Amino acid sequence: MSQQLRPLIPRTAPGQQNITPPDSGSNGAARQLVSKRKHASTACDICRRRKTRCGGERPTCFACVRNGRSAECSYETQPTETQSQALKRKYSAVDGENSVHRRFIDILRSHPAQDVNDILNRLRGGTGVDELVRHVESGDLLLELSVAPDVQWRHNPGGLLTIPDLLKTANNPYVKSLIYQIKFDQLSSTRPRPPPAGTLALYNAPYHTAGMVSALLDTCQPSKWTNVSKDDELLREILRRYFTSVYVFLPFFHKDSFLYDMARGKRRFCSSLLVNSVLAAGCYGESTITGIQADMVLHLEHGMNGQDKLGWSLCIAAVSSAQELGLFDHYPPTMSNAQRIVRTMTSWALFAWQGLQSYHQEKPPLLTSPPSVALPSTDEAFGEIWIKYTASHSPIPVHFSSTFIVLAKFRTILNEITDRLNSPATLQQAMDIDEALIFYRRLQDWYHGLPSYLDAYNAVFPTHFNLQ
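Positions 1 to 468 (UniProt numbering) are the ones given, in order, by the sequence shown.
What follows is the structure, encoded as structure tokens:
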């Protein structure tokens, strides 16, 4: 006799009440059944590490919610991917990236050094490897590198060397200058002595076509010091233009120390105030080197935009801060060499600047004596600025440091003349001929003591003509 067994039926949903027995006639038709648990294709990273069962819900799985996590879960796969599909996708991406890098290495091996240097500079500037490979392989970059604009016949420095006929005499050194003979005296029967090898580009191209060469500046990220722009290449180009234009005429701070600290995020010789002058109002506080330098930069900008009175107040503030810091006094022997160089350059730049402004505004100078620390005797003490013309094979120095030193010496004499002309004694008794002759001889000695690359014959850069 066979035993009658109870029939097995699916489990009802949790919370369902009034369960009807199977022999009641309904045959389980109205019974709510529990669906089978959906299988997750992959688990989130946290559940994988904990080796817990994960339902794969997004953005946060139920297992993580039960454990009190509210942050979104991280998955190795996309929402519709399986684990194997994700592995294939990652492999394809890595293989494609390796292929691009292999092609990039082949480009560096097979192309000339000049092309490679330009490619690496673009890479340091933020251009992606894939974009560089695409440009080089399509020929766009190499075409740009190989075709340099011909600036020789478009260069006309007439604004710099417009000499009236009255002054075109035999004893005028500018008429004999090399740049004048090359550019203006084409009909002369005597050909000028050619410039030294490697410097012909200086005379055949305008100064503004040359770009500043500085490995230190290339490593800087100015966007970390300003909110104006996040484009570091654009900001670096603005700095290059500043250092080859305004800075060579009026250097208010030490370039190399400024860039060194900018590249390394230090604030000893670099600050947001100095990098971005529009933040000056919020950066004023105790007297600092960078505050003095920023005052001079802003003084120049105010003066160039018709705000002389406001600019002069910044010059007064810079002198006051410098005196508070003892910038014009002797430095303690324990001071580092970097601090000595920066303080020396800043003190002489400020002294020369206030002397020039006092002379033009016919005011008594704010400082009657030069800084106690003498100007350095070496021509490279304050750094150098290197530029490269498209037609030249190597960078060319603009003799920045030596130009700054001789300019400071000239403005020291100018400051003494200004002090003498605007002193109370002069208002009662004018300067006599003997005293004027002393100043004249000092200026002559200064002029005849200029280095050979700064004399009238070899003058070629804008700063050279500023000295003449």
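Backbone N, C-alpha and C fix where the C-beta goes; we use that ideal spot for every residue, glycine too. What you are looking at is a predicted structure, and each value in this text was computed from that prediction instead of being measured.
**OP:** Have a look at residue 60 and residue 80 and give me their C-alpha separation to the nearest angstrom.
**Re:** 16 Å
Original post:
Starting from residue 353 and walking both ways along the alpha helix (DSSP H), at which residues does that stretch end?
Top reply: For residue 353, the enclosing alpha helix (DSSP H) covers residues 337-361.
Subject >> For residue 62 and residue 55, believed in contact at Cβ under 8 Å, the rounded distance >> reply: The beta carbons of residue 55 and residue 62 sit about 5 Å from each other, so the pair counts as a contact at 8 Å.
Subject >> Rounded C-alpha distance that separates residue 216 from residue 403 >> reply: Going by the C-alpha atoms only, they are around 22 Å apart.
Original post:
Can you tell me whether DSSP reads residue 376 as helix, strand or coil?
Top reply: coil
**OP:** Can you tell me which of the three DSSP states residue 291 falls into?
**Re:** The answer is helix: DSSP assigns residue 291 an H, G or I state.
**OP:** Please state if the CB of residue 359 and the CB of residue 310 are separated by a distance shorter than 8 Å.
**Re:** no
Original post:
Identify the residues that DSSP records as bridge partners of residue 213: which are they?
Top reply: 386
**OP:** Measure from the alpha carbon of residue 324 to the alpha carbon of each residue in 50, 347, 118, then state which is nearest.
**Re:** 347
**OP:** Might you give, ordered along the chain, the residues of its own chain that have their beta carbon closer than 6 Å to the beta carbon of residue 86, omitting 5 neighbours on each side?
**Re:** 76, 77
**OP:** With distances taken Cα to Cα, identify the nearest neighbour of residue 315 among 352, 335, 344.
**Re:** 352
Subject >> Residue burial classification, residue 178 (beta-carbon count within 10 angstroms, cutoff 16) >> reply: Within 10 angstroms of the beta-carbon of residue 178 lie 16 or more other beta-carbons, which makes it buried.
Subject >> Inter-stretch contact at 8 Å, needing at least 3 Cβ pairs: the segment 431-439 / the segment 387-403 >> reply: no
**OP:** Report the rounded CA-to-CA distance for residue 338 versus residue 257, giving the unit in angstroms.
**Re:** A straight line joining the alpha-carbon of residue 338 with that of residue 257 spans about 8 Å.
Original post:
Taking DSSP as the reference, what is the three-state secondary structure of residue 112?
Top reply: coil
**OP:** Along the alpha helix (DSSP H) that carries residue 62, what are the first and last residues, could you check?
**Re:** 62-66
**OP:** Find the nearest neighbour of residue 295 within the set 319, 467, 82, judged by alpha-carbon distance.
**Re:** 319
Original post:
If you draw a straight line from the alpha carbon of residue 238 to that of residue 329, how long is it in whole angstroms?
Top reply: Residue 238 and residue 329 have their C-alpha atoms some 35 Å from each other.
Original post:
Does the Cβ-Cβ distance between residue 300 and residue 366 come in under 8 Å?
Top reply: no
**OP:** Could you check if residue 255 is buried or exposed, using at least 16 other CB atoms within 10 Å of its CB as the buried criterion?
**Re:** Residue 255 comes out buried.
Original post:
So, helix, strand or coil for residue 396, using DSSP?
Top reply: strand
Subject >> Cβ-based neighbour list, residue 231, same chain, cut-off 8 Å, excluding 5 preceding and 5 following >> reply: 223
**OP:** Evaluate residue 212 with the Cβ neighbour count: other Cβ atoms within 10 Å of its Cβ, from every protein chain shown; 16 or more gives buried, anything less gives exposed.
**Re:** Residue 212 comes out buried.
Subject >> Sequence-distant residues of its chain with Cβ nearer than 7 Å to residue 331 (five each side left out) >> reply: Sequence-distant Cβ neighbours of residue 331 in its own chain, meaning closer than 7 Å and more than five residues away, are 340, 343, 373.
Original post:
From which residue to which residue does the alpha helix (DSSP H) around residue 330 run?
Top reply: First-last for residue 330: undefined, no H or E at that position.
Original post:
By Cβ distance, which residues of its chain are closer than 8 Å to residue 452, with the 5 residues on each side in sequence left out?
Top reply: 458
Original post:
So, residue 456 versus residue 206, is the Cβ gap smaller than 8 Å?
Top reply: no
Original post:
What three-state label does DSSP hand residue 317 in the structure shown?
Top reply: helix
Subject >> DSSP three-state assignment for residue 135, whether helix, strand or coil >> reply: helix
Original post:
Do you know whose CA, among 460, 267, 71, lies nearest residue 290's CA?
Top reply: 267
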